[in-house]
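J.: Sharing a structure with you now.
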Amino acid sequence: MAIANTSIGRFINGTENTLIVIFMSIFAIILGNCFNFMSWAYIFQMRYYVLIAFICYAMYFLFMVQLRNKYIPFKYYVLFLTVWPISCHISSIIFGGTLSEDLLSSLPWLFVSTLFIIFHRFHFTERRILIILGIVAIGTVGIQIMQLVEPLFTVFGDPTGETLGELVVSGERNGIVRLFVGCIPLQMLMLFLFWCKFMTTFRIHWALLTGLMLFSVYMYLTKQVLIATVFTLGLSFFMLQGRRIKIIAYTMMVILTAILAFFWEDLFGDMIKDSQDDSFSHAIRFEFIGFISEYFITHPIESIFGHGFSIPLIKEWIHKLYHLSDIGFFGEAFSYGWPWSIAYFLVVFRILVTYRNRIPLYIRLYVIATGFISIFIFPYRNRIEMYTWISAIYICSLYISDAVEEKKNTEDNDSETTPHQEIEIQEALVQETVQNEDINNNTNIQE
Numbered sequence: 165m166a167i168a169n170t171s172i173g174r175f176i177n178g179t180e181n182t183l184i185v186i187f188m189s190i191f192a193i194i195l196g197n198c199f200n201f202m203s204w205a206y207i208f209q210m211r212y213y214v215l216i217a218f219i220c221y222a223m224y225f226l227f228m229v230q231l232r233n234k235y236i237p238f239k240y241y242v243l244f245l246t247v248w249p250i251s252c253h254i255s256s257i258i259f260g261g262t263l264s265e266d267l268l269s270s271l272p273w274l275f276v277s278t279l280f281i282i283f284h285r286f287h288f289t290e291r292r293i294l295i296i297l298g299i300v301a302i303g304t305v306g307i308q309i310m311q312l313v314e315p316l317f318t319v320f321g322d323p324t325g326e327t328l329g330e331l332v333v334s335g336e337r338n339g340i341v342r343l344f345v346g347c348i349p350l351q352m353l354m355l356f357l358f359w360c361k362f363m364t365t366f367r368i369h370w371a372l373l374t375g376l377m378l379f380s381v382y383m384y385l386t387k388q389v390l391i392a393t394v395f396t397l398g399l400s401f402f403m404l405q406g407r408r409i410k411i412i413a414y415t416m417m418v419i420l421t422a423i424l425a426f427f428w429e430d431l432f433g434d435m436i437k438d439s440q441d442d443s444f445s446h447a448i449r450f451e452f453i454g455f456i457s458e459y460f461i462t463h464p465i466e467s468i469f470g471h472g473f474s475i476p477l478i479k480e481w482i483h484k485l486y487h488l489s490d491i492g493f494f495g496e497a498f499s500y501g502w503p504w505s506i507a508y509f510l511v512v513f514r515i516l517v518t519y520r521n522r523i524p525l526y527i528r529l530y531v532i533a534t535g536f537i538s539i540f541i542f543p544y545r546n547r548i549e550m551y552t553w554i555s556a557i558y559i560c561s562l563y564i565s566d567a568v569e570e571k572k573n574t575e576d577n578d579s580e581t582t583p584h585q586e587i588e589i590q591e592a593l594v595q596e597t598v599q600n601e602d603i604n605n606n607t608n609i610q611e
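Spelled out as C-alpha cells, the structure:
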C-alpha cells in the first residue's frame, strides 16, 4: 500500500498543506507591509524585499525552463510583466533618471509576478490560494473593526510604512477616519467570492462573510471603489445561471435596493456632500489626464518604452500636485510604457470575452470592478495588489488548462478505438476471411 493512501500519509499531506498555507499567508502579509503597519519600512527594510526578489527571480527562470514545453495560459503575459520593466529602466537612464533609484522603486514589488510560475511548479490549488487570500482579508476586517472601536490603537493604515510617532491619516469622511488597511483589490476579490457562494447556496455563513467584506470595502471610503462595487454587485444578478437561482436573486436585488435606498443618506450622504464641496481633487486628475495625453502624442518613442520613476520631470509634476498614481493606467503607461497598460486590457478581454464560459463568476466580477476604476486606480501598483492580481490570473489559468485538457481527452477518445471496438473489428475481419474461404471452396467444387 502506498504511503500516501495510509492514515499516516494523509496526515503528512495535511500537515504539509497547512504549513504551506501558514507560510504563504505570512508571506502575503509581509508583501502588504503587515496591513500597512505604521513604521513597517523601518522594521522590514527595503533590502529584505530586494533579497526576496532575487530569490524569486532565480526560481522563476529555473522553473520556466522546466515548464517550457507545458501549456500554461497567461505564461507569456507573466513573462512580459517580469521582463518588460527593463526597457523603462534603460529609457529612464537616457532621459536623465537614475538606475539605482529606478530599481529600488520597481524591483521590490514587480518580483511578485514570478509567483505565477512558482505556483504552477508546486501545484497550488484554487482552494489553497483562496484560503491564503481569505486569511489576509479576514485579518484586514478584524483590524478595521478594532481601530474603529478603539481609535487610540490606530497603528495600521499607513500606505508608505514610513510614519514614526502619530499615524498620518488621509482625511475623514462620514465621521470615519480614512485608513488604508490591507489591500482594496484583495478585499473586493474576496467580497465577490463570498457573494457568489451566497447567491448559489444561500447559506448563512456566506452571507455573514459577504457582510464583513462589504463593511471592509466601505471602510476605505473611496468613492470610485464604492461605485464600482455597487455596480458590479448589481451586474452579478444578471450573470447568475439557473432559473431558481435567478428568481431568488432578483427578489433579493429588489430587497437590497430598497434597503440601500433607505440608508443611502447615512452611508453616502456626507461623502457625496464632501465630493461636491471638494471638486479640486477631481479637477486636478482630469487636468493631469489631459496634460499627459498631449505629452504622449508629442513624445511617442518615450511613451512606448516608458520613463521609469526617477526622471526630473516627475518631481516637477509632484510640486503641481500631479501624481501618476492618481490617473490609473495613464500613469502606468507613463512609467512603463503603453505596452504595459495595453497588456492589462488584453488580459481583461481574454477573461471577460474569450474565456468567459470557463472562468468562475467571482473572478470575472473582480476583473470588471477593478477595470471599471482602472482610469483612476490601477489594479496592481504595489506588492500586495500584484499578489492579488497574479493569484486571480493563476486561478484563471487552472480553469482554462482543465478545459483544454478535457477537450483534448474528448478528441483523443473520439479518434481512438476502445479495446472492445478493436475486438469487434478483429472478429469481423476473421468472419469475412472465413466467408471468402467458403466461397472459394464452393467455386472449386462446382468446377
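Numbering follows the working numbering, in which position 412 of the sequence shown is assigned residue number 576; successive positions increment by one, without gaps. The C-beta atom is built at its ideal place from N, Cα and C for all residues, glycine as well. Here the structure is a predicted model, which means the values were calculated and not measured.
(1) Ordered along the chain, which non-local residues of its own chain (more than five positions away) have a Cβ less than 7 Å from that of glutamine 351?
(2) Report the CB separation of isoleucine 296 from methionine 188 in whole angstroms; it is logged as a contact under 8 Å.
(3) In the segment 474 to 499, which residue ranges form an unbroken alpha helix (DSSP H) of at least 4 residues, counting only runs that do not cross its ends?
(4) Going straight from the alpha carbon of asparagine 606 to that of lysine 571, what length do you get?
(5) Determine, using beta-carbon pairs with one atom in the segment 340 to 356 and one in the segment 224 to 239, whether at least three such pairs fall under 8 Å.
(6) Would you kindly work out how many angstroms separate the C-alpha atoms of leucine 390 and phenylalanine 201, rounded to a whole number?
(7) If I follow the unbroken alpha helix (DSSP H) through arginine 285, where does it start and stop?
(8) From what residue to what residue does the alpha helix (DSSP H) around aspartate 322 run?
(9) Under three-state DSSP, which class holds isoleucine 468?
(10) Hey, is the segment 518 to 528 in contact with the segment 486 to 501, meaning 3+ C-beta pairs nearer than 8 Å?
(11) Could you tell me whether the segment 216 to 225 touches the segment 341 to 349, using the rule of 3 or more Cβ pairs below 8 Å?
(12) Is it buried or exposed, valine 568, if we count other Cβ atoms within 10 angstroms and call 16 or more buried?
(13) Of the choices Val313, Ile250 and Ala533, whose alpha-carbon is the least far from that of aspartate 266?
(14) Please tell me whether tyrosine 238 and isoleucine 557 are closer than 8 Å, where the distance is taken between their beta carbons.
(15) Using C-beta distances below 6 Å, list every residue in its chain close to isoleucine 532, excluding the 5 sequence neighbours before and after it, in chain order.
(16) Does the Cβ of phenylalanine 283 have 16 or more other Cβ atoms within 10 Å, making it buried, or fewer, making it exposed?
(17) Where proline 323 and phenylalanine 366 are concerned, what is the direct C-alpha to C-alpha distance, given to the nearest angstrom?
(18) Is the segment 310 to 317 in contact with the segment 271 to 282, if contact means three or more CB pairs nearer than 8 Å?
(19) State the start and end residues of the unbroken alpha helix (DSSP H) segment that holds threonine 415.
(20) Could you work out which residue in Ile465, Ala413, Leu373 and Trp248 is closest to tryptophan 504 when comparing CA atoms only?
(21) Determine the closest residue to isoleucine 258 out of Lys479, Ile236 and Ser474, with distance taken between C-alpha atoms.
(22) Does DSSP classify phenylalanine 238 as helix, strand or coil?
(23) Buried or exposed: where does methionine 210 fall if 16 or more other Cβ atoms within 10 Å of its Cβ makes it buried?
(24) Are arginine 547 and glycine 196 closer than 8 Å when you measure CB to CB?
(25) Pick from Phe509, Trp502, Phe286 and Ile193: whose alpha carbon is nearest that of isoleucine 461?
(26) Buried or exposed for leucine 477, please, with buried defined as at least 16 other CB atoms from any protein chain shown within 10 angstroms of its CB.
(27) Out of curiosity, what's the CA-to-CA distance linking phenylalanine 199 and cysteine 347?
(28) Return the CA-CA distance between tyrosine 384 and tryptophan 553, expressed in angstroms with no decimal places.
T.: This is what the structure gives:
(1) Excluding the 5 residues flanking it on each side, glutamine 351 has same chain C-beta neighbours closer than 7 Å at Ala301, Thr304, Met377, Ser380 and Val381, in chain order.
(2) Confirmed, Cβ separation roughly 5 Å.
(3) Restricting attention to alpha helix (DSSP H) runs no shorter than 4 residues, the segment 474 to 499 encloses them at 476 to 483, ordered along the chain.
(4) Summary for asparagine 606: the model assigns pLDDT 47, below 50, so the residue's position carries little reliability; its value from the coordinates is reported in the next sentence. Roughly 52 Å separates the two Cα atoms.
(5) No: fewer than three Cβ pairs fall under 8 Å.
(6) For leucine 390 and phenylalanine 201, the distance between alpha carbons rounds to 24 Å.
(7) Where arginine 285 is concerned, the enclosing alpha helix (DSSP H) stretches over 279 to 285.
(8) Secondary structure note for aspartate 322: it is in no alpha helix (DSSP H), with a DSSP letter that is neither H nor E.
(9) Three-state result, isoleucine 468: helix.
(10) The answer is no - the segment 486 to 501 does not touch the segment 518 to 528, with fewer than three Cβ pairs under 8 Å.
(11) Because the criterion of three Cβ pairs below 8 Å is not met, the segment 216 to 225 and the segment 341 to 349 do not touch.
(12) Exposed, since its Cβ has fewer than 16 Cβ neighbours within 10 Å.
(13) Checking every option, the nearest Cα to that of aspartate 266 belongs to Ile250.
(14) Tyrosine is not the amino acid found at residue 238; the sequence shown has phenylalanine there. For the 8 Å CB-CB criterion, phenylalanine 238 and isoleucine 557 form a contact.
(15) For isoleucine 532, where only same-chain residues beyond five positions count, the Cβ hits under 6 Å are Thr396.
(16) Phenylalanine 283 should be labelled buried.
(17) One alpha carbon belongs to proline 323, the other to phenylalanine 366, and they sit about 36 Å apart.
(18) Short answer: they don't touch.
(19) Element bounds for threonine 415: 407 to 426.
(20) The shortest C-alpha separation from tryptophan 504 is found at Trp248.
(21) Out of Lys479, Ile236 and Ser474, Ser474 has the C-alpha closest to the C-alpha of isoleucine 258.
(22) Three-state result, phenylalanine 238: coil.
(23) When all chains shown are included, methionine 210 counts as exposed.
(24) Yes, the pair counts as a contact, with Cβ atoms nearer than the cut-off.
(25) The option with the nearest alpha carbon to isoleucine 461 is Trp502.
(26) Burial state of leucine 477 is exposed, judged by a 10 Å Cβ sphere holding fewer than 16 other Cβ atoms.
(27) The straight-line gap from Cα to Cα measures roughly 8 Å.
(28) Straight-line Cα distance between these residues: approximately 19 Å.
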